[in-house]
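Notes follow once the structure below has been shown.
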Amino acid sequence: KQWYQRRVRGERLEHLDLLSLQRRRERYIVIHVWKILNEIVPNSVGMKFRKSSRRGIKATVPPFNHQAQGAISTRFESSFAVRGAQLWNSVPKEVRECQSLHALKVSLGNFLRTVPDEPPVRGYTTAWSNSLIDWKRGVQLNLGEYSFIS
(Lines of atoms letter the chains of each structure in order from A; the text may use other names.)
(Lines give C-alpha, C1' and ligand atoms only; values in the text may rest on other atoms or scores of the structure.)
Protein backbone atom coordinates (compact mmCIF):
# COMPACT_ATOMS: atom_id res chain seq x y z
CA LYS A 3 0.00 0.00 0.00
CA GLN A 4 2.81 2.44 0.89
CA TRP A 5 4.55 1.89 -2.46
CA TYR A 6 1.26 2.42 -4.30
CA GLN A 7 0.49 5.67 -2.44
CA ARG A 8 3.97 7.01 -3.11
CA ARG A 9 3.70 6.06 -6.77
CA VAL A 10 0.27 7.68 -7.17
CA ARG A 11 1.40 10.88 -5.41
CA GLY A 12 4.58 10.99 -7.50
CA GLU A 13 2.59 10.47 -10.71
CA ARG A 14 0.21 13.29 -9.77
CA LEU A 15 3.07 15.67 -9.11
CA GLU A 16 4.76 14.66 -12.35
CA HIS A 17 1.53 14.97 -14.36
CA LEU A 18 0.96 18.48 -13.00
CA ASP A 19 4.68 19.34 -13.44
CA LEU A 20 5.00 20.14 -9.72
CA LEU A 21 7.70 19.42 -7.18
CA SER A 22 6.93 18.01 -3.74
CA LEU A 23 6.80 20.44 -0.81
CA GLN A 24 10.17 19.23 0.42
CA ARG A 25 11.78 19.67 -2.99
CA ARG A 26 10.25 23.17 -3.34
CA ARG A 27 11.61 24.11 0.09
CA GLU A 28 15.07 22.85 -0.89
CA ARG A 29 14.87 24.79 -4.17
CA TYR A 30 14.09 27.95 -2.22
CA ILE A 31 17.05 27.34 0.11
CA VAL A 32 19.45 26.92 -2.84
CA ILE A 33 18.12 30.15 -4.38
CA HIS A 34 18.56 31.97 -1.06
CA VAL A 35 22.15 30.72 -0.72
CA TRP A 36 22.84 32.03 -4.26
CA LYS A 37 21.46 35.40 -3.18
CA ILE A 38 23.77 35.38 -0.14
CA LEU A 39 26.73 34.52 -2.36
CA ASN A 40 25.88 37.37 -4.72
CA GLU A 41 25.22 39.82 -1.85
CA ILE A 42 21.59 40.38 -2.80
CA VAL A 43 20.48 39.52 0.75
CA PRO A 44 22.50 39.92 3.97
CA ASN A 45 24.68 37.04 5.09
CA SER A 46 23.21 36.94 8.60
CA VAL A 47 24.34 33.34 9.23
CA GLY A 48 27.96 33.99 8.27
CA MET A 49 28.11 31.55 5.34
CA LYS A 50 31.52 31.21 3.78
CA PHE A 51 32.30 30.15 0.23
CA ARG A 52 35.39 28.83 -1.50
CA LYS A 53 36.05 28.63 -5.21
CA SER A 54 38.07 26.08 -7.11
CA SER A 55 38.47 25.71 -10.85
CA ARG A 56 37.54 22.02 -10.73
CA ARG A 57 34.66 22.00 -8.24
CA GLY A 58 33.29 25.49 -8.66
CA ILE A 59 31.88 27.55 -5.80
CA LYS A 60 31.27 25.49 -2.67
CA ALA A 61 29.80 26.58 0.66
CA THR A 62 31.72 25.73 3.81
CA VAL A 63 29.67 23.67 6.26
CA PRO A 64 30.30 25.03 9.76
CA PRO A 65 32.15 22.69 12.14
CA PHE A 66 30.28 20.99 14.98
CA ASN A 67 31.41 20.20 18.50
CA HIS A 68 30.88 16.43 18.61
CA GLN A 69 30.83 16.42 22.41
CA ALA A 70 27.55 18.37 22.47
CA GLN A 71 24.24 16.76 23.46
CA GLY A 72 22.05 14.95 20.95
CA ALA A 73 19.31 17.61 20.94
CA ILE A 74 21.87 20.27 20.07
CA SER A 75 23.24 18.05 17.33
CA THR A 76 19.78 17.74 15.76
CA ARG A 77 19.21 21.50 15.85
CA PHE A 78 22.67 22.12 14.42
CA GLU A 79 22.13 19.68 11.53
CA SER A 80 18.78 21.27 10.64
CA SER A 81 20.02 24.89 10.86
CA PHE A 82 20.06 27.03 7.74
CA ALA A 83 23.85 27.42 7.85
CA VAL A 84 24.31 23.64 7.66
CA ARG A 85 21.35 22.62 5.45
CA GLY A 86 21.87 25.55 3.11
CA ALA A 87 25.55 24.73 2.64
CA GLN A 88 24.84 21.02 2.14
CA LEU A 89 22.08 21.69 -0.39
CA TRP A 90 24.21 24.25 -2.24
CA ASN A 91 27.06 21.76 -2.45
CA SER A 92 24.73 19.00 -3.65
CA VAL A 93 23.70 20.75 -6.87
CA PRO A 94 25.97 20.49 -9.92
CA LYS A 95 28.72 23.00 -10.62
CA GLU A 96 26.84 24.27 -13.70
CA VAL A 97 23.92 25.31 -11.47
CA ARG A 98 26.10 26.90 -8.77
CA GLU A 99 27.97 29.04 -11.31
CA CYS A 100 24.94 30.74 -12.85
CA GLN A 101 25.45 34.50 -13.14
CA SER A 102 21.83 35.68 -12.94
CA LEU A 103 18.89 34.75 -10.76
CA HIS A 104 16.80 33.83 -13.81
CA ALA A 105 19.56 31.56 -15.16
CA LEU A 106 19.89 29.92 -11.74
CA LYS A 107 16.16 29.24 -11.51
CA VAL A 108 16.05 27.73 -14.99
CA SER A 109 19.16 25.62 -14.49
CA LEU A 110 18.07 24.50 -11.01
CA GLY A 111 14.60 23.61 -12.30
CA ASN A 112 16.08 21.54 -15.12
CA PHE A 113 18.36 19.75 -12.67
CA LEU A 114 15.56 19.05 -10.17
CA ARG A 115 13.47 17.44 -12.92
CA THR A 116 16.23 14.83 -13.37
CA VAL A 117 16.29 13.78 -9.70
CA PRO A 118 13.56 11.38 -8.53
CA ASP A 119 11.02 13.19 -6.36
CA GLU A 120 9.37 10.58 -4.15
CA PRO A 121 7.76 12.32 -1.20
CA PRO A 122 7.07 10.23 1.90
CA VAL A 123 3.57 8.99 2.61
CA ARG A 124 2.12 10.21 5.91
CA GLY A 125 1.96 7.46 8.52
CA TYR A 126 4.64 5.29 6.91
CA THR A 127 8.34 5.25 7.54
CA THR A 128 10.76 5.00 4.67
CA ALA A 129 14.25 3.64 4.36
CA TRP A 130 15.42 6.80 2.58
CA SER A 131 14.77 10.51 2.50
CA ASN A 132 13.61 12.51 -0.47
CA SER A 133 16.21 15.21 0.18
CA LEU A 134 18.75 16.17 -2.48
CA ILE A 135 21.44 15.74 0.16
CA ASP A 136 20.49 12.10 0.74
CA TRP A 137 20.11 11.38 -2.98
CA LYS A 138 23.66 12.63 -3.48
CA ARG A 139 25.02 10.59 -0.56
CA GLY A 140 23.29 7.32 -1.30
CA VAL A 141 22.66 7.14 -5.01
CA GLN A 142 24.90 7.57 -8.03
CA LEU A 143 22.47 8.81 -10.64
CA ASN A 144 22.83 8.98 -14.38
CA LEU A 145 21.32 12.41 -14.94
CA GLY A 146 22.28 13.15 -18.52
CA GLU A 147 24.07 16.50 -18.66
CA TYR A 148 23.99 16.81 -14.85
CA SER A 149 25.93 14.73 -12.41
CA PHE A 150 26.01 14.45 -8.64
CA ILE A 151 29.74 13.80 -8.83
CA SER A 152 31.41 17.14 -8.18
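Using the working numbering, the first residue of the sequence shown is number 3, and each one after it goes up by one.
No residue lacks a Cβ here, since even glycine has one placed at the ideal position from N, Cα and C.
These numbers come from a predicted model, not from an experiment.
- Query: By DSSP, does Arg52 sit in helix, in strand, or in coil?
  - Reply: The residue you call residue 52 lines up with position 50 of the sequence shown. The answer is strand: DSSP assigns Arg52 an E or B state.
- Message: Just to confirm before moving on: does the CB-CB distance between Ile135 and Glu99 stay below 8 Å?
- Response: Within the sequence shown, residue 135 is the residue found at index 133, counting from 1. Within the sequence shown, residue 99 is the residue found at index 97, counting from 1. Cβ distance not < 8 Å, so Ile135 and Glu99 don't count as in contact.
- Item | Three CB pairs or more closer than 8 Å across the stretch 20 to 33 and the stretch 46 to 63 | Contact between the stretch 20 to 33 and the stretch 46 to 63 is not established, with fewer than three Cβ pairs separated by less than 8 Å.
- Item | Nearest-angstrom Cβ-Cβ length linking Val97 and Leu106, presumed shorter than 8 Å | Locating residue 97 in the sequence shown gives position 95, counting from the first residue. Locating residue 106 in the sequence shown gives position 104, counting from the first residue. Sure, about 7 Å apart at Cβ, within 8 Å.
- Item | Exposure of Asn45, with buried meaning 16 or more beta-carbon neighbours within 10 Å | On the sequence shown, residue 45 is found 43 positions in, with the first residue counted as 1. Counting Cβ neighbours within 10 Å, Asn45 comes out exposed, since fewer than 16 surround it.
- Message: Less than 7 Å between C-beta atoms, sequence neighbours within five positions excluded: which residues of the same chain meet that for Asn91?
- Response: Looking up residue 91 in the sequence shown gives position 89. Non-local C-beta neighbours of Asn91 in its own chain, meaning closer than 7 Å and more than five positions away in sequence, comprise Lys60 and Ala61, ordered along the chain.
- Query: Grouping DSSP H, G and I as helix and E and B as strand, with all else coil, what is Ile42?
  - Reply: Position 40 of the sequence shown, counted from the first residue, corresponds to residue 42. Coil, per DSSP.
- Counting only the same chain and skipping the five closest in sequence on each side, list residues whose C-beta sits under 8 Å from that of Ser54. Within the sequence shown, residue 54 is the residue found at index 52, counting from 1. Correct list, in chain order: Lys60.
- Query: In three-state DSSP terms, what is Lys107?
  - Reply: On the sequence shown, position 105 is the one that residue 107 refers to. The answer is helix: DSSP assigns Lys107 an H, G or I state.
- What three-state label does DSSP hand Arg58 in the structure shown? Along the sequence shown, one-based indexing puts residue 58 at 56. Reading off the sequence, residue 58 comes out as Gly, not Arg. Of the three classes helix, strand and coil, the one that applies to Gly58 here is strand, per DSSP.
- If we count the other Cβ atoms within 10 Å of its Cβ and call it buried at 16 or more, is Asn40 buried or exposed? Sequence index remark: in the sequence shown, residue 40 carries index 38 (1-based). Exposed is the label assigned to Asn40, since fewer than 16 other Cβ atoms lie within 10 Å of its Cβ.
- Message: Our contact map puts Val47 next to His34 with C-beta atoms below 8 Å; I'd like the distance itself, whole angstroms only.
- Response: One-based indexing of the sequence shown puts residue 47 at position 45. One-based indexing of the sequence shown puts residue 34 at position 32. Between His34 and Val47 the Cβ distance is about 10 Å, and since that is not below 8 Å, they are no contact.
- Just how far apart, CA to CA, sit Met49 and Ala83? For the purposes of this step, residue 49 is identified with residue 47 of the sequence shown, where counting begins at 1. For the purposes of this step, residue 83 is identified with residue 81 of the sequence shown, where counting begins at 1. Ala83 has its alpha-carbon roughly 6 Å from the corresponding atom of Met49.
- Where does Gln24 sit, in a helix, a strand or coil, going by DSSP? As a first step, residue 24 must be located in the sequence shown, where it is residue number 22. Looking at Gln24 - three-state DSSP - the assignment turns out to be helix.
- Task: Would you tell me roughly how many angstroms separate the C-alpha atoms of Lys37 and Ser133, rounded to the nearest one?
- Result: Translated into the one-based positions of the sequence shown, residue 37 becomes position 35. Translated into the one-based positions of the sequence shown, residue 133 becomes position 131. Those two C-alpha atoms are separated by around 21 Å.
- Task: Would you tell me roughly how many angstroms separate the C-alpha atoms of Pro94 and Gly86, rounded to the nearest one?
- Result: By 1-based counting over the sequence shown, the position of residue 94 is 92. By 1-based counting over the sequence shown, the position of residue 86 is 84. Cα-Cα distance, rounded: 15 Å.
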